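Which chain is which? The protein sequence lines are H and G, in order.
When we follow the working numbering, the leftmost residue of the first sequence carries the number 352, and every step to the right adds one.
When we follow the working numbering, the leftmost residue of the second sequence carries the number 266, and every step to the right adds one.
Think of the CB as a built atom: it goes at the ideal place given N, C-alpha and C, for glycine as much as any other residue.
Since the model is a prediction, treat every value here as computed from it, not as a measurement.
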Amino acid sequence: MKLKDGGSKAWVVLWGILPLFLFVGFTGGVAWSDNSFCLGCHQDDSLKKEDARGKTVSLSVSEAVFKNSVHRKLSCSDCHTHIKDDAHAGGGKKAADKSVNCATCHGKAEKEYQQGLHAKMIMKGTERAAYCFDCHGKHNILPSKNPKSMTHVSNIDRTCNRCHSDVEFVKHHALGAAIPKEEFKKSVHGKTGEMTCTSCHGSHNLRSLIDPKSTIFRSNIPQTCGSCHPDITKEFTESVHGVLAARGRSDSPTCTTCHGFHGIKAKVDPDSPVNERRIALTTCPQCHAAERIAKEYKITTLPVKSYYDSFHGLSYRGGDTYSANCASCHGVHDIRPSSDLKSMIHKDNLQKTCGNCHPGASENFAKGKMHAVASITGEEFGEKVVGWVRIVYIILIVTVIGGMILFNFTDWLRKTIDHRP
Amino acid sequence: MTKKYLRMTLNERFQHLNLFINFTILVITGFVLKFPEAFWASPITDIPMGMTLRGFLHRLCGVAIVTLGGYHVLYCAFTERGRGIIKDMIPGLKDAKDLWETLKNNLFINRPAKELKMGRFNFREKLEYLGLIWGTIVMTVTGFILWFKTEWLLYFPMWTYNVALAVHYYEAILATLTIIVWHLYSVVWNPEVYPMSWAWITGHLTEHEMELEHGLELEKIKAGEKGKLVEFGEAAAVGGGRVYPLHQERGEKGISIRRLYGTIKGLNETIKNWKGE
Numbered sequence: 352m353k354l355k356d357g358g359s360k361a362w363v364v365l366w367g368i369l370p371l372f373l374f375v376g377f378t379g380g381v382a383w384s385d386n387s388f389c390l391g392c393h394q395d396d397s398l399k400k401e402d403a404r405g406k407t408v409s410l411s412v413s414e415a416v417f418k419n420s421v422h423r424k425l426s427c428s429d430c431h432t433h434i435k436d437d438a439h440a441g442g443g444k445k446a447a448d449k450s451v452n453c454a455t456c457h458g459k460a461e462k463e464y465q466q467g468l469h470a471k472m473i474m475k476g477t478e479r480a481a482y483c484f485d486c487h488g489k490h491n492i493l494p495s496k497n498p499k500s501m502t503h504v505s506n507i508d509r510t511c512n513r514c515h516s517d518v519e520f521v522k523h524h525a526l527g528a529a530i531p532k533e534e535f536k537k538s539v540h541g542k543t544g545e546m547t548c549t550s551c552h553g554s555h556n557l558r559s560l561i562d563p564k565s566t567i568f569r570s571n572i573p574q575t576c577g578s579c580h581p582d583i584t585k586e587f588t589e590s591v592h593g594v595l596a597a598r599g600r601s602d603s604p605t606c607t608t609c610h611g612f613h614g615i616k617a618k619v620d621p622d623s624p625v626n627e628r629r630i631a632l633t634t635c636p637q638c639h640a641a642e643r644i645a646k647e648y649k650i651t652t653l654p655v656k657s658y659y660d661s662f663h664g665l666s667y668r669g670g671d672t673y674s675a676n677c678a679s680c681h682g683v684h685d686i687r688p689s690s691d692l693k694s695m696i697h698k699d700n701l702q703k704t705c706g707n708c709h710p711g712a713s714e715n716f717a718k719g720k721m722h723a724v725a726s727i728t729g730e731e732f733g734e735k736v737v738g739w740v741r742i743v744y745i746i747l748i749v750t751v752i753g754g755m756i757l758f759n760f761t762d763w764l765r766k767t768i769d770h771r772p
Numbered sequence: 266m267t268k269k270y271l272r273m274t275l276n277e278r279f280q281h282l283n284l285f286i287n288f289t290i291l292v293i294t295g296f297v298l299k300f301p302e303a304f305w306a307s308p309i310t311d312i313p314m315g316m317t318l319r320g321f322l323h324r325l326c327g328v329a330i331v332t333l334g335g336y337h338v339l340y341c342a343f344t345e346r347g348r349g350i351i352k353d354m355i356p357g358l359k360d361a362k363d364l365w366e367t368l369k370n371n372l373f374i375n376r377p378a379k380e381l382k383m384g385r386f387n388f389r390e391k392l393e394y395l396g397l398i399w400g401t402i403v404m405t406v407t408g409f410i411l412w413f414k415t416e417w418l419l420y421f422p423m424w425t426y427n428v429a430l431a432v433h434y435y436e437a438i439l440a441t442l443t444i445i446v447w448h449l450y451s452v453v454w455n456p457e458v459y460p461m462s463w464a465w466i467t468g469h470l471t472e473h474e475m476e477l478e479h480g481l482e483l484e485k486i487k488a489g490e491k492g493k494l495v496e497f498g499e500a501a502a503v504g505g506g507r508v509y510p511l512h513q514e515r516g517e518k519g520i521s522i523r524r525l526y527g528t529i530k531g532l533n534e535t536i537k538n539w540k541g542e
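Here you go:
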């Protein structure tokens, strides 16, 4: 009623737009058709073709799966825009350009993807680099909040590992022997169930390790970890290691240098590199006992050596966990040089630091060289004295014990000779 | 039955056993700290809290040895036998000569070998006893500095602690090697006594052993015995030729080391008689 009376305008609009649809419809061929038109052929399980490489590709599409997907309201031709008409079936290998452009709707994701590593690998002509559908699926795409979705947080590791835990793939792409699957599963992050590959690596804009914009680029790692551990990142960025890392020093440690990568474990885990049993045996010495680092940064490897020879180090090496390790005196994330007023080993703070374990530590605790090495040519008086004590005692031991051995040897010789039958 | 000569009373044997056990534990628990990765350290380093236990044992045995040292000082001061030991232990020129002549004998410089007659304690034993005193003092002083580090550093600078640490370590090497090279040669590897001198268990030496090591003492004993035989003919025979004078244990009242010693001495005699017959 309303239309007839005063709705002439609506009719004008309708008659104006209808030819447009018709025009598009005719040129597009199958565009107008209902999905059932396509599914009429493609629901057939046995529908196959051979692709350019001679592989057999199934062309069947399950209607039920598609009806469940997030795209269920779209028609086939919304995505398969290049398929003009039903003549594609007879046209041979090249006739059907089935390429789908997700960017038509998902422009933002596409833009991010184009900057990412997977897109770059595709541009280089890599055969097995992830397209949209490799991670999201094809006709079965579900929203990532759906627990059955390939991109649901609980499924992402499986999605990524379809390629990244394949030994052949990893070898071919020069990813070393790194198969993060098992390592990550056992890690403290993997066990939470809330963390997955994309939490650190990013998703669409996932970048290469050597890309400075990558979340896993060396100097970006503290920020990446800091998205969940902000306090620690703040401590670390102010530390001597953090400052050097921010300057781009590749020798300076970052989170992963001490904690590991995919297999990060809780510090109570004996396998963790930051377990108290391993800090002073492997984790700190990996750099501080390395000549390369020592030479470059004008630090010596002596602190590690002198620690191992000190009571703390000796008892630690024997398995004592009450004994001080590197972190007991130097701190953990906020390690600062001794010249820094806030440093635990600054001379004004040293008495307090020693007092943590030695209640009532006097001023004398903080005086003198800590990582002293006994030597008669030492810098410090104490080092020289101990050096001399050592030499005097060695001479004493050699002469006394040597003399005893000689004397007893002659005694033994004489007695055995006398007792010869 | 060969004649036996009392070398160590039961009391002294217990002192020796005490020293033996504590010294061994101290050596093991000490060197485990210095060489924590050595294969022989693994029984301690492999068990949980092993190093803590090690430290505790080391201190415990240290205290035990210091206590034993204190007891030994009292023993030497307040018993007649103890005073006798000290008197016979004082080194003299004769000991240096004995050592020198032994060396010349051993190297066939003295031809024929000179017969050496040594006293109750020969130069070997005197050297070792003095070394033991020296070592115990050094290890006790440095050991307590290391133990009570916080208190020590109230009054002394850090380098004194480091010196104590170094001295404790090197003195330990010296002491351990001395025991292995000097003492164990005297009582184990010495072909005269091999496989072992049993005096530390039985408490006595045979006449042959006395002749070899303590000729002068043997002569002295025999001279004394003659006199004794005249004086108390029968009593000496009951003693089985044991010649060191016994205390008069009766008549003393209250607790005294003399009395305690007398009691132990009596026990000692009983055990020995039971073993000997």
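For glycine 384 of chain G, the CB contacts under 7 Å within the same chain, skipping 5 residues up- and downstream, are Asp353, His479, Leu481, Glu482 in chain order. A straight-line Cα-Cα distance of about 29 Å links lysine 735 of chain H and glycine 327 of chain G.
When secondary structure is reduced to three states using DSSP, glutamate 302 of chain G falls in the coil class, being assigned neither helix nor strand. Under the criterion of beta carbons closer than 8 Å, glycine 614 of chain H and glutamate 519 of chain H do not qualify as touching, at roughly 22 Å. Look at the beta carbons and you see the region 621-639 of chain H touching the region 676-694 of chain H: at least three pairs across the two are nearer than 8 Å. For glycine 729 of chain H, not one C-beta of chain G is nearer than 8 Å to its own C-beta. For threonine 605 of chain H, the secondary structure class from DSSP, reduced to helix, strand or coil, is coil. Per DSSP, serine 500 of chain H lies in no beta strand (DSSP E) segment and is marked neither H nor E. Counting along the chain, threonine 634 of chain H sits inside no alpha helix (DSSP H), nor does DSSP assign it H or E at all. Taking the CA atoms as reference points, phenylalanine 612 of chain H sits about 30 Å from serine 689 of chain H.
Taking a Cβ-Cβ cut-off of 8 Å, the neighbours of aspartate 762 of chain H in chain G comprise Thr367, Asn371, Tyr450, Asn455, given in sequence order. Within the DSSP bridge table, the entry for glutamate 401 of chain H names H:Thr407 as partners. The continuous beta strand (DSSP E) containing leucine 271 of chain G extends over residues 269-271. Around phenylalanine 716 of chain H, the same chain offers Leu701, Gln702, Cys705, Gly706, His709 as residues with beta carbons nearer than 8 Å, after the five sequence neighbours per side are excluded. In the three-state DSSP reduction, histidine 469 of chain G falls in the strand class (E or B). DSSP, read as helix, strand or coil, puts proline 308 of chain G in helix. Sequence-distant partners of alanine 617 of chain H (beyond 5 residues in either direction) whose C-beta falls short of 8 Å from its own C-beta, in its chain, are Val539, Ser623. The Cβ neighbour count for glutamate 647 of chain H, taken over all protein chains shown within 10 Å, is under 16; the residue is labelled exposed. Per the coordinates, the alpha-carbon of lysine 475 of chain H lies some 21 Å from the alpha-carbon of phenylalanine 568 of chain H.
For threonine 443 of chain G, the chain H residues whose Cβ falls inside 9 Å of its Cβ are Val751, Ile752, Met755, in order along the chain. Taking C-alpha positions only, lysine 542 of chain H is separated from cysteine 548 of chain H by approximately 13 Å.
CA-to-CA, the gap between histidine 393 of chain H and valine 408 of chain H works out to about 12 Å.
CA-CA distance, alanine 631 of chain H to glycine 753 of chain H, rounds to 38 Å. Listed along chain H, no residue sits closer than 8 Å to isoleucine 402 of chain G by beta-carbon distance, the nearest being about 16 Å off. In chain order, Met501, Thr502 place their CB closer than 7 Å to the CB of histidine 487 of chain H, counting only its own chain and leaving out the 5 sequence neighbours on each side. With respect to chain G, the C-beta atom of histidine 709 of chain H has a partner C-beta closer than 8 Å.
Judged by their CB atoms, arginine 524 of chain G and threonine 344 of chain G are not nearer to each other than the 8 Å cut-off. Taken atom to atom, the span from the alpha-carbon of serine 426 of chain H to that of asparagine 386 of chain H is near 6 Å. The alpha carbon of asparagine 571 of chain H has as its nearest neighbour, out of H:Pro604, H:Met546, H:Thr767, the alpha carbon of H:Pro604.
Excluding sequence positions up to five before and after proline 301 of chain G, its CB lies within less than 6 Å of the CB of Thr310, all in the same chain and listed in chain order.
In the three-state reduction of the DSSP assignment, glutamate 589 of chain H falls in the helix class. The three-state secondary structure of methionine 755 of chain H, taken from DSSP, is helix.
Between valine 451 of chain H and the set H:Ala460, H:Ser428, H:Met472, H:Ala470, the nearest pair of CA atoms involves H:Ser428. By the 16-neighbour rule on beta-carbons within 10 angstroms, asparagine 538 of chain G is exposed. With contacts defined by Cβ atoms closer than 8 Å, histidine 524 of chain H and valine 412 of chain H do not form a contacting pair.
Here valine 421 of chain H has Ile492, Leu493, Pro494 as same chain residues with Cβ atoms under 7 Å from its own Cβ, once five neighbours each way along the sequence are excluded.
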